[in-house]
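Here is the structure we will look at.
Numbering (the working numbering), first residue to last: 9 to 96.
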């Protein structure tokens, strides 16, 4: 009995296989990548499962970062960019 594998899992495994064969081609172990001719399943994600932070939650996240150290300043800047981008 064969187990059905979800399309995203198949696409991920095919990508890893292609990368392996690409590496073998670059290393001149194989002349061509045989996995390049394999077509993967179509899988389109129309809506993600990750919830979006509200404006209040984003502000709380930014305010919770300790900016007394350079790493905190970096983290706040990066999260600020992500929060700003979400609004756009």
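We treat Cβ as the ideally placed atom computed from N, Cα and C, and that holds for glycine.
All values derive from a computational prediction rather than experimental measurement.
Quick check on residue i: does DSSP put it in helix, strand or coil?
i: residue 25; result: helix
i: residue 39; result: coil
i: residue 73; result: coil
i: residue 48; result: coil
i: residue 60; result: coil
i: residue 11; result: coil
i: residue 53; result: coil
So residue i packs on residue j, CB below 8 Å; how close in whole Å?
i: residue 51; j: residue 85; result: Actually they are not in contact, since the Cβ atoms of residue 51 and residue 85 sit about 35 Å apart, beyond 8 Å.
Any contact between the segment 31-51 and the segment 67-77? By contact I mean 3 or more CB pairs, one from each, below 8 Å. Not touching, per the Cβ criterion.
Okay, do the segment 12-29 and the segment 40-58 touch, 3+ Cβ pairs below 8 Å being the bar? Contact between the segment 12-29 and the segment 40-58 is present: 3 or more CB-CB pairs across the two stretches fall below 8 Å.
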